[in-house]
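Trainee:
Protein chains in written order, with my numbering: chain A, 298 to 619; chain B, 262 to 345.
#1: Which residues of chain A have a Cβ atom closer than 8 Å to the Cβ of residue 318 of chain B, listed in chain order?
#2: Considering only C-alpha positions, which residue in the set A:389, A:328, A:612, A:583 is nearest to residue 483 of chain A?
#3: The beta strand (DSSP E) that contains residue 338 of chain A, what's its start and end?
#4: Residues in the same chain with beta-carbon distance under 6 Å from residue 446 of chain A, minus the five sequence neighbours each way, listed in chain order, please.
#5: To the nearest angstrom, how far is the alpha carbon of residue 353 of chain A from that of residue 575 of chain A?
#6: Residues in the same chain with beta-carbon distance under 7 Å from residue 384 of chain A, minus the five sequence neighbours each way, listed in chain order, please.
#7: Please determine, among B:337, B:333, B:302, the residue with the shortest C-alpha to C-alpha distance to residue 275 of chain B.
#8: Are the beta-carbon atoms of residue 570 of chain A and residue 526 of chain A separated by less than 7 Å?
#9: Along chain B, which residues have their Cβ under 7 Å away from the Cβ of residue 414 of chain A?
#10: I need the boundaries of the alpha helix (DSSP H) containing residue 444 of chain A, first residue and last residue.
#11: For the candidate residues A:450, A:449, A:457, whose alpha-carbon lies nearest to that of residue 439 of chain A?
#12: Under 7 Å Cβ-Cβ, which residues of chain B neighbour residue 607 of chain A?
#13: Curious, which full-length alpha helix (DSSP H) runs of at least 4 residues does the stretch 510 to 595 of chain A contain?
#14: DSSP three-state label for residue 605 of chain A, please.
#15: Pair every Cβ in the stretch 472 to 492 of chain A with every Cβ in the stretch 361 to 370 of chain A, then say whether three or more of these pairs are closer than 8 Å.
#16: In chain order, which alpha helix (DSSP H) runs of at least 4 residues are fully inside the stretch 361 to 444 of chain A?
#17: Does the stretch 498 to 518 of chain A come into contact with the stretch 600 to 609 of chain A, if we say contact requires no fewer than three beta-carbon pairs (one atom in each stretch) closer than 8 Å?
#18: Quick one: which chain B residues come within Cβ less than 8 Å of residue 603 of chain A?
#19: Between the C-alpha atoms of residue 318 of chain B and residue 328 of chain B, what's the straight-line distance to the nearest angstrom?
#20: How long is the line joining the alpha carbons of residue 486 of chain A and residue 413 of chain A, rounded to whole angstroms?
#21: When the distance is taken between beta carbons, is residue 480 of chain A closer than 7 Å to residue 491 of chain A?
#22: Would you list the residues sitting across from residue 456 of chain A in a DSSP beta bridge?
#23: Near residue 330 of chain B, which residues of its chain fall below 7 Å by C-beta distance, leaving aside the five closest residues on each side in sequence?
#24: Kindly indicate which three-state DSSP category residue 490 of chain A falls into: helix, strand or coil?
Okay, structure coming up:
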């Protein structure tokens, strides 16, 4: 086994205990909360967090919320139901579509999409934002395109005019911010903490919405790379259907994987390369260890650093003068 | 300095960086490494080039060797104009 494939393995038993104790100490003793609420998407990260919270706080003191809207995949709710049944946790389904309609999310989204595709029909067409694929073998910059899928027609892709891109992002971010607001409402009325589900890939590379899914009280798996999230999920008994599901954004109507929307490289490789950077290995050493070309590793490390640098704003608390 | 380079420098100073920094930027400085543009900035740059130089840009051409410095971008625009 390569050095990095070995190093990425966590001691799942010790790590589970460490996180469980941490949740208990902070949620109960420091924040003086009686339990936790978690927004569950049917994805691996929120499922692991729910399982860890149940171990820390007990299933009676954890409430799960599925917060779908009209662009969500029905699979998300089915998997969230399977998850909460498995861990004996109450699941409350709170459809946020009416709230988003009231806020003008879908109207704004349609207007912005039509700046790129004037013939966009929100009733039949589906869209998603994508970055160029296959960063390992192609050195493209992170330029977002909008993909439009219409039944019976080939997919169309277009680089977005900046105003359309910003309009689409601002409108879709309303989804995560509405979920944050609902979770805090539910948490406060129970005297619970809001437990976040971001992993290290999402947090450090800026794959989250400031004051949206980033607006939480605690982030128990923020230090874990996605590969390590899978290891712990298996250990704590997350249902196999969730572990096997390809990670998605579940934000755009066409449905897009996290790899095509943002990360551009399979997690198994991305995480090992990142770990090599953490350990101070040269790109050539990482390449030799993983059986890659040095140029491939150069592209991935440059992309990791660029995303960290350009998303610093998301992780920065409000600035102020002393 | 060519007219193309002047236009790029002016665009950068008006949109991304303080004007004194724009003057200090060398033609080969990487926009990304210098932290001048982010993912929105790349879209703005693409849009600026299409609009100002009347060229059509394909996603596959949005590469560091075409877009990541004043020098690279100027050469790319000249090639596109020559091809058009």
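Backbone N, C-alpha and C define an ideal beta-carbon position, used for all residues, glycine too.
Mentor: The relevant details are as follows:
#1: 456
#2: A:389
#3: Careful: residue 338 of chain A lies outside any beta strand (DSSP E) and carries neither H nor E.
#4: 423, 452, 551
#5: 30 Å
#6: 347, 348, 351, 356
#7: B:302
#8: no
#9: Ordered by position in chain B, no residue passes the 7 Å Cβ test against residue 414 of chain A, which lies about 15 Å from the chain.
#10: Note, residue 444 of chain A: premise wrong, no alpha helix (DSSP H); beta strand (DSSP E) at 442 to 446.
#11: A:457
#12: 299, 300
#13: 523 to 533, 537 to 541, 564 to 575, 580 to 587
#14: helix
#15: yes
#16: 371 to 383, 394 to 400, 402 to 413
#17: yes
#18: 293
#19: 11 Å
#20: 43 Å
#21: yes
#22: A:442
#23: 288, 289, 290, 291, 292
#24: strand
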